[in-house]
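Notes follow once the structure below has been shown.
Residue numbers (the numbering used here), protein chains in the order written: chain A, 404 to 1059; chain B, 87 to 808.
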């Protein structure tokens, strides 16, 4: 297959923000996750747990509560005292409404989904009516009456237990009148709401129990503790075939190292997230009917989108952080070596630029042009374009001013291969094409979305010859535009699973599409049909191990000299697909890490298949071909992330 | 626990010697008195405890009694029907039945029923029923016909439910069974169709029933060998005429094969039924008591002379015709408990009555022999070992034969002879037949109980080593071994049995601690669990410096030895004491067997209190020694092949101290031991707290180590893809 020099980059100092809330929507089987920086992510649990949407965070908007209401409307509330509704189609914030009660600590939708209750810092509980396009303040409860609401969860109720002040972190009100509370004393307590008496108490942790979520059937619930443990409680019969039931602590899970700030209970899984930034989905084996890969534990740490772009010509890497960008130049070496060698560096990697954003908003997307002289990024309401000038070792940066009014926010930015055009996907479904000139720009065209759709485009790909532009949203098919004639060329038929990565091959103009169910399609843009190879893949089916990988493919690229090769990667492997070789079937070994040293050539040829997989670099956030013989791989070791987290609650190791 | 006692026959009964049996046995108004009616002409009143008849009455030649005599409990008179229509009522003093009160009825009588607390009831063959008073007031009254043409009454029973007399009778017509419930207070007759599962061509052979407040529990024994239960509501729930009742399976394979006289089922109490019939196709008839709650065979008695297939049960007496004699078997049904059903309840049994395996084999129902057609059918429900068993029917048959042979040898053979037979048995033995092993052991133990000189030790050891026994399969074994102070056997049992009661474990411990060293010398004991400490002892003493901290322990640590001045006087002594094993290796091996045994603290604690103080001290010293040995190495384990674990040792120390705390406190010899233990624990705590303190430093070291291994933030590497 070939030998590569690999720039192994581990200086991308990315730390995902901790998870603050998780909210599960049964109707669409989607999970909303809010992080400490205000980012809200939507995971589609039906589509292989793909993170299909996200809303960028905001410095002043610490989300404290997240809930679904009225079917699939998503609301959040936070310490700035505002209630936000998210537009899941256009991927922006529909509106923000001040509740005038100070910071909001909790929010819950009524079981019918028509009302929203919030708990504010000033101790008030406010009820909002959800109208078709807004929410409307309805009434204020003083604190005594708050318990009159049939089912609600309010954090921050204070009650004094013994001398120490004990904070009740979460409450659940069951329809049979039982109130379950979790508190800072490490207890899960069951109360009778009619008499106000304690029914039962479980001491489950030495530290706080911070979160609780009850299943819809109210036969099971889950709590998360500050020690990183998640406990499952179930309502089970006291003896077999007796109708008397009691709550029993059934299963403890320790998938977190830090506080479990939030838990959710889907019909088939326990979902937890916390300070250690992992989102853990633990299927309940008794609820899973088929013991397939869906029954496996999922731990999602990294975003399912690219945070890194690369300038191949200048060997630059642009790293995107929440509030700044970093530009690095890769080092070089003159030495050569054999497989596995680490080569001596003649020049180390340089940190060229640290670009801080203005304003409190997080960066949504960023890109560096292939020539390395342009950098563009966007926040939720501003678009920035910079021109870079290299004079020996000095870099000068000049912002291109006077951006047009329509360019205020972008979901995806892409430069053409020759760096003369800039493609911007805005969140109303428009695609802007901009001609870049020396130091200025010219708006060429805007592809309007198909009438009636407002779905935002989040993935873009341009052909190396600059003629074709492919764009994909979260659910509809991939649209291919002809850039020369500025019109829609064709639409690749929609597929059940969202697109995770897109790329157009050089010369052939084949569009390669990866989906969240790990399927890979190849579509010929000139012929407007799937290629023969793609049909073959569909006919024969992909290897079962390939389909069982649990992270999506986030990047696809091509070898400049070998048109039969497709390079793609997810977080735990990268793969070069050689289309000329036979596809592996379920009997062949998919992962073939060992070099065939003593095996005969015949055997080698017989076992050779199209997928050349390497799992050396992980977790792999970005991998691309710089030239024919050079790869760049950006890793982010988990240990480095853990090192930057606050220390977990100390547990005694000795003498327990 | 139900038990059958020694049977006895009622004297001098030939009873016309009719093979088809008796007409009936009924209670009389006095306890212990029973009316026995034979099939021809005679009614005899027996006093059962005296085994003698009190009176006998016969009808004239040419007349024939058609319904068993009953006693009218309200008047003390006896009632009998002869020639279907003639009712006779007589007193004790009457001699000739010809001269007593006579009433000729207008319809044929099926049965007269009488029970305590209500007037007798006459059931006519037409299905109509009358109270006796009403009938006698007008004997020739017209009797209506309830049953349809060809419908025959098969079985009847009379109950009193809440002082309401209820008559139940089952009829048959064309293979269909119907149940009638006649309420006498409301004159209400309900009819039900019994769905008795005609699909498998089985014929219902016998019925029995008991009542509670709402239902009649009708049990039927079917020709497929199973007992079924049907619930008949006493008070009809709706007015619908013909309601259907479904039966449910209660017990499987209680009998197999139908002898000419049929099989009988009789309920003893709510949880027990007695079944008369052959348990295996070719075997003799048996009287078996089954626990229906736990579906276990409680006891059984073989009846080699055959029976008439009839069985009556009144007040702890089972009546049947055994051979030509009316036999009474006293039968006691205790409260049905799981322990009783599994044979764990202590009870005394008469030797010799035991001919059926009294252990429940969960794999194979004891009611049917291996290899038979029935057993194959039965095993369909069994998931495990199904194939295994059905593949080797010949083996099973021959094995059963061998075990039967062995059982008979055990009864009176010599020890040598038994050993030979046992070897034969073990050669054919499969792990499936653990009940047979249990039976053999029980047989051996019974004999050894009877003859104190008989103790087939080798046989017992061989049997225990089959690894299939448990305490509950042979409860007497360990008791006998304790009696004979057979420590080798006890050790073996402790190692093999998973379910030894705590009291027995404790009794073993007591014996192991108190038995003399010299009596242990000659005994062959499995020394697997004991590492020979004496060998290393000398070398260790040489190497060991008093300053060395054994995993943090230092007996001379001045910080914690302020508690006792006495100890400081001879610190040398204490080290020496800890270094040498306080018991001889053989005793250590025995004690280790106790340490390995499973127990539950709650049940063990009270028994531990019974151990003498000296033995407690010795055991504590031994445990302490083991603990010291444990702490000598980093993994906290003892050397040897199968040593006690640290947690076992610690748990036993805690248990012993808990059970005998005051005693240990009072014994001067134990004082030093206690102080040592206390110091040991204290030093252990301080070690842990020190470890906790330096944990942070450990972590930093670990981090440094990691950094050394990590490759830095940037490198260029060569990768070759194949």
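Virtual Cβ for every residue (Gly too), placed ideally from N, Cα, C.
From the DSSP output, which residues share a beta bridge with residue i?
i	result
residue 655/A	634/A
residue 281/B	332/B
residue 720/A	713/A, 731/A
residue 139/B	132/B
residue 759/A	727/A
residue 785/A	According to DSSP, residue 785/A bridges with nothing at all.
residue 917/A	904/A, 923/A
Below 6 Å CB to CB, which residues in the same chain sit around residue i once its five sequence neighbours on both sides are set aside?
i	result
residue 90/B	385, 387, 415, 417
residue 332/B	281
residue 690/A	671
residue 255/B	239, 242, 266
residue 666/A	614, 616, 625, 627, 675
residue 410/A	733, 1035
residue 889/A	848
residue 483/A	463, 464
residue 735/B	709, 712, 713
residue 633/B	With a pLDDT of only 41 at residue 633/B, under the threshold of 50, the placement of this residue in the model should not be trusted, and no figure is reported.
Is there at least one non-hydrogen atom of the ligand ADP closer than 8 Å to the beta-carbon of residue i?
i	result
residue 539/A	This structure simply doesn't include the ligand ADP, nor any ligand for that matter.
Give me, in chain order, the residues of the same chain whose beta-carbon lies closer than 7 Å to that of residue i; leave out the 5 immediate sequence neighbours on both sides.
i	result
residue 760/A	726, 727, 766, 782
residue 593/B	568
residue 753/B	699, 703
residue 437/A	423, 424, 443, 466, 469, 479
residue 548/B	508, 512
residue 564/A	Low confidence applies here, because residue 564/A scores a pLDDT of 38, under 50, leaving its location unreliable and the question unanswered by this model.
residue 180/B	186
residue 983/A	967
residue 389/B	370, 371, 372, 373, 408
Tell whether a beta-carbon distance below 9 Å holds between residue i and residue j.
i	j	result
residue 212/B	residue 201/B	no
residue 456/A	residue 494/A	yes
residue 837/A	residue 828/A	no
residue 141/B	residue 396/B	no
residue 740/A	residue 750/A	no
residue 595/B	residue 562/B	no
residue 197/B	residue 186/B	no
residue 336/B	residue 372/B	no
residue 802/A	residue 825/A	no
Sorted by chain position, which residues of the same chain lie with C-beta nearer than 8 Å to residue i's C-beta, five sequence neighbours on each side aside?
i	result
residue 659/B	Low per-residue confidence applies at residue 659/B: pLDDT is 41, beneath 50, and the placement is therefore not dependable enough to give any value.
residue 538/A	478, 486, 488, 500, 519, 531, 532
residue 278/B	264, 265, 266, 267, 318, 328, 329, 330, 331
Quick one: any contact between the region 840–853 of chain A and the region 415–428 of chain A, if contact means 3 or more CB pairs under 8 Å? Segments in contact, no.
In chain order, which beta strand (DSSP E) runs of at least 3 residues are fully inside the region 371–417 of chain B? 371–377, 382–389, 398–400, 403–408
Kindly provide the ranges of any alpha helix (DSSP H) runs that are 4 or more residues long and lie completely inside the region 148–191 of chain B, ordered along the chain. none
Would you mind listing the beta strand (DSSP E) stretches within the region 210–292 of chain B that are 3+ residues and don't spill past its ends, in chain order? List check, beta strand (DSSP E) in window: 215–217, 238–247, 250–259, 262–269, 274–281.
Which complete alpha helix (DSSP H) runs does the region 660–701 of chain B hold, if anything under 4 residues is left out? 671–682, 687–694
Tell me whether the region 568–583 of chain A and the region 528–544 of chain A touch, counting them as touching only if at least three CB pairs, one residue from each stretch, are closer than 8 Å. no
Uninterrupted beta strand (DSSP E) stretches inside the region 683–713 of chain A (no shorter than 3 residues): Qualifying beta strand (DSSP E) stretches, in chain order: 701–703.
Note down, one range per segment and in chain order, each alpha helix (DSSP H) of at least 4 residues found wholly within the region 571–615 of chain B. 573–582, 588–600, 603–607
In the region 454–522 of chain A, which residue ranges form an unbroken beta strand (DSSP E) of at least 3 residues, counting only runs that do not cross its ends? 466–472, 476–481, 485–490, 495–501, 507–512, all fully within the region 454–522 of chain A.
Would you say the region 942–949 of chain A touches the region 882–899 of chain A, given that touching needs at least three Cβ pairs under 8 Å? Counting Cβ pairs under 8 Å, fewer than three are found: no touch.
Below 8 Å, how does it come out for the region 1024–1040 of chain A and the region 972–981 of chain A: are there three or more Cβ pairs, yes or no? yes
Decide yes or no for the touch test of the region 710–726 of chain A against the region 108–122 of chain B: beta carbon pairs closer than 8 Å, at least 3 of them. no
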